[in-house]
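Data first, discussion second: the structure below is written as structure tokens.
2 protein chains.
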Amino acid sequence: MDALGTQLLLEFRDCKSELLNDVSFIRNALVEAALEVGATIVQESFHQFSPYGVTGILAIAESHVCIHTWPEYGYAAVDIFTCGEAFEPRKAAQILIDRFHAKEPSIIELKRGILLQTAS
Amino acid sequence: MDALGTQLLLEFRDCKSELLNDVSFIRNALVEAALEVGATIVQESFHQFSPYGVTGILAIAESHVCIHTWPEYGYAAVDIFTCGEAFEPRKAAQILIDRFHAKEPSIIELKRGILLQTAS
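Going line by line, the protein sequences match chains A and B.
Under my numbering, the residues of the first sequence are numbered 1 to 120, in order.
Under my numbering, the residues of the second sequence are numbered 1001 to 1120, in order.
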């Protein structure tokens, strides 16, 4: 029973507000995490919202990495979606956890597009 | 107990391969769904991969809408992530289900960034 994609949903809490509102820091963290695991970035989208919050999305050849931050709550939602075996999403997750100094982050791993074998 | 974000994870199966490999159709479907529910598009990223498959990501002021397609399996993974009450993500999901003629789609709704009340 194979799955077409693997998606990690990360909840970062108790992060420093300054980091979560720093679009340059966030862009560098996501780009470096993607490159360190060997992902191929095809497009990037980083936006600073007013008064707080950053959205960052990397479209990668292997699917996407994205983050939405709420600096006022020290919280960020991070998703890492991969297909194939090109890179290990948990490795990218660990890099981001370290970069954001997320305390006790939660990680949910989902399999997307599970292919059921039909009886022949 | 409030949550900062709502995320819908949609699994589309038994879709027509031609639709899932048509980057122009996919772009129009996502953009129209976002606009119909009143989302504000801040950037878009649509890519056709070889030999099959499309990745489409809309960064919206309210978070993101994205799709990854596997035309060879008639499958697409769609995520709709919203914050606040600016629009109803299930309405956007219904528009996309209709546009892709997805049969028996599954929808998982997640709450992201749940804020626990601490005892005073």
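Heads up, the beta-carbon is just placed ideally off N, CA and C, and yes, glycines get one too.
Since this is a predicted model, take the numbers as computed values, not measurements.
Asked                                                                                                                                                                                              : Found
Going by the CB atoms, is the gap between A/L30 and A/V65 shorter than 8 angstroms?                                                                                                                : yes
Let me check one thing: in DSSP terms, what residues is B/S1106 bridge-paired to?                                                                                                                  : B/E1011
In the DSSP assignment, the alpha helix (DSSP H) including A/E18 goes from what residue to what residue?                                                                                           : 17 to 20
Using a cut-off of 8 angstroms between C-beta atoms, extract the partners of B/E1011 located in chain A.                                                                                           : R112, G113
Would you check if there are 3 or more beta carbon pairs closer than 8 angstroms linking the stretch 111 to 118 of chain A to the stretch 13 to 27 of chain A?                                     : no
When burial is assigned at 16 or more other CB atoms within 10 Å of the CB, is B/T1040 buried or exposed?                                                                                          : exposed
Can you tell me whether B/H1101 is buried or exposed, with buried defined as 16 or more other CB within 10 angstroms of its CB?                                                                    : exposed
Identify the continuous beta strand (DSSP E) that holds B/V1042 and give its terminal residues.                                                                                                    : 1041 to 1048
Reducing DSSP to helix, strand and coil, say where A/Y75 ends up.                                                                                                                                  : strand
Please state whether the Cβ-Cβ distance between B/P1071 and B/L1020 is less than 8 angstroms.                                                                                                      : yes
In its own chain, which residues sit with a C-beta less than 6 angstroms from the C-beta of A/T69, not counting the 5 before and 5 after it?                                                       : L20, G53, V54, A76
B/A1059 and B/V1042: beta carbons closer than 8 angstroms?                                                                                                                                         : yes
Cutting at 6 angstroms between CB atoms, please list the residues of its own chain near B/I1108, excluding the five before and the five after it.                                                  : L1009
CB B/I1097 to CB B/E1036, shorter than 8 angstroms?                                                                                                                                                : no
Identify, in the order they occur along the chain, each residue of the same chain with its Cβ nearer than 6 angstroms to the Cβ of A/E44, setting aside the five sequence neighbours on each side. : L58
Provide the residue span of the beta strand (DSSP E) that contains A/V54, from first to last.                                                                                                      : 54 to 60
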